[in-house]
Amino acid sequence: MSIHSPSDKPIFNKATEKTLTTCKLATWNINSVRLRIDQVIAFLNTHQPDILGLQETKCLPEQFPYQPFIEAGYEFIEVSGQKGYHGAATVSKLPLERLETDFCPIGEARHVSTRVKIGIASDNEMGAGTFEFHNFYVPAGGDEADVTLNPKFKHKLEFLKNMTDYFTDRAKGDDARHVLVGDFNIAPGEHDVWSHKQLLKVVSHTPLEVGVLKGLQDSHNFTDTSRLHRSEEEKLYSWWSYRAKDVFKSNRGRRLDHIWVSPALRQSAIAAGIDGFEIHTNCRIWERPSDHAPITQILKF
DNA sequence: ATGGCCGCCCTAGGCGGA
Numbered sequence: 019m020s021i022h023s024p025s026d027k028p029i030f031n032k033a034t035e036k037t038l039t040t041c042k043l044a045t046w047n048i049n050s051v052r053l054r055i056d057q058v059i060a061f062l063n064t065h066q067p068d069i070l071g072l073q074e075t076k077c078l079p080e081q082f083p084y085q086p087f088i089e090a091g092y093e094f095i096e097v098s099g100q101k102g103y104h105g106a107a108t109v110s111k112l113p114l115e116r117l118e119t120d121f122c123p124i125g126e127a128r129h130v131s132t133r134v135k136i137g138i139a140s141d142n143e144m145g146a147g148t149f150e151f152h153n154f155y156v157p158a159g160g161d162e163a164d165v166t167l168n169p170k171f172k173h174k175l176e177f178l179k180n181m182t183d184y185f186t187d188r189a190k191g192d193d194a195r196h197v198l199v200g201d202f203n204i205a206p207g208e209h210d211v212w213s214h215k216q217l218l219k220v221v222s223h224t225p226l227e228v229g230v231l232k233g234l235q236d237s238h239n240f241t242d243t244s245r246l247h248r249s250e251e252e253k254l255y256s257w258w259s260y261r262a263k264d265v266f267k268s269n270r271g272r273r274l275d276h277i278w279v280s281p282a283l284r285q286s287a288i289a290a291g292i293d294g295f296e297i298h299t300n301c302r303i304w305e306r307p308s309d310h311a312p313i314t315q316i317l318k319f
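Residue numbers (the numbering used here): 19 to 319.
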């Protein structure tokens, strides 16, 4: 199975020389990039993130719609894809270097690892002009929250534990500059779901998987940027089921999508202020929408 | 209220999503 992009991807251009004071990060589970290419491009044109991580692209690399992204100014594209299911892709205005370290157990396309060149001229510390951008699609985990009965749930927990090991190898020291984005398929907080009590046994919000995700976060002191300027009590959702008749009337959402940063980038996320983080909920009620809304986080250097 | 919808695939019911 081919899970990597073709080798004739665009090469670095003059953007390498660009000096940035901010960088806008985005992530969106698009639930078929081919079906919703017009929506993705509309989102990019309106909100102009520098980098977007897409999940559930649901196509092989050779089927990926490169051209519309390039025409919209996103020349740097790295894809991990398989036929019909899963898949992740990172599209960027800034030069991307593909790290050959994608973490895709059992051959599934669920991770694109890249290094982003932000080109801060004033900062000459090693690595300060770059950060790693890790785009993940964590397994959903099936219905039954029991590892002995449900191999998909077991796979989900193992995936998260392997992610922890992966970053133990990579994210050493306080200088490590890492961004983790994606559909983590877990709503960790009480107010990351519409009803904490009713979802305690529902995969995506069980204490077991929330604990494993917390283990990943704590092991490297990653910051969940969504809560930096929002109270823990504020309801935040990025996913709403297709099954609800009126999505925002019932508003039974979950915050499954995340943008995390390593300690070295925490101040940059804080500096962006309360408006630095946004959930673009309007995208969830576009015609034939994804069941996820995109989220963005600005980093200010 | 445990049913309600999606998108994909060797086009049609099954799988995966969550």
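For every residue, glycine included, the Cβ atom is placed at its ideal position computed from N, Cα and C.
query = Is residue 102 helix, strand or coil when you go by DSSP?
reply = coil
query = With a CB to CB cut of under 8 Å and the five nearest residues on each side skipped, what residues in its chain are close to residue 248?
reply = 254, 292 and 295
message = Quick check: the stretch 176-194 against the stretch 89-103, are at least 3 beta-carbon pairs closer than 8 Å?
response = no
request  = To the nearest angstrom, report how far apart residue 139 and residue 109 are at their CA atoms.
outcome  = With a pLDDT of 48 at residue 139, under the threshold of 50, the predicted position of this residue should be treated as unreliable, though the coordinate-derived value follows. The alpha-carbon atoms of residue 139 and residue 109 are separated by roughly 23 Å.
key: Alpha carbon of residue 227 to alpha carbon of residue 289, nearest angstrom   = 31 Å
query = By how many angstroms is the C-alpha of residue 215 removed from the C-alpha of residue 128?
reply = 30 Å
7 Å CB neighbourhood of residue 123 in its chain, flanking five on each side removed = 177 and 180
ask   = Is residue 302 helix, strand or coil when you go by DSSP?
value = helix
request  = Give the single residue among 41, 39, 60 and 40 whose Cα lies nearest to the Cα of residue 305.
outcome  = 60
query = Skipping 5 residues on each side, what residues in its chain have a beta carbon closer than 6 Å to that of residue 316?
reply = 40, 42, 290 and 294
ask   = Three-state secondary structure (DSSP) at residue 141?
value = Confidence at residue 141 is low in this model, with a pLDDT of 48, below 50, so its placement is unreliable and no value can be given for it.
request  = Have a look at residue 164 and residue 210 and give me their C-alpha separation to the nearest angstrom.
outcome  = 22 Å
key: Chain-order list of residues whose beta-carbon lies under 6 Å from that of residue 159 (same chain, five-residue window excluded)   = 170, 171, 174 and 221
ask   = For residue 120, which of helix, strand or coil comes out of DSSP?
value = coil
request  = Could you please give the first and the last residue of the uninterrupted beta strand (DSSP E) stretch that includes residue 315?
outcome  = 313-318
request  = Go ahead and pull the three-state DSSP assignment for residue 222.
outcome  = coil
task = Provide the residue span of the alpha helix (DSSP H) that contains residue 188, from first to last.
result = 169-188
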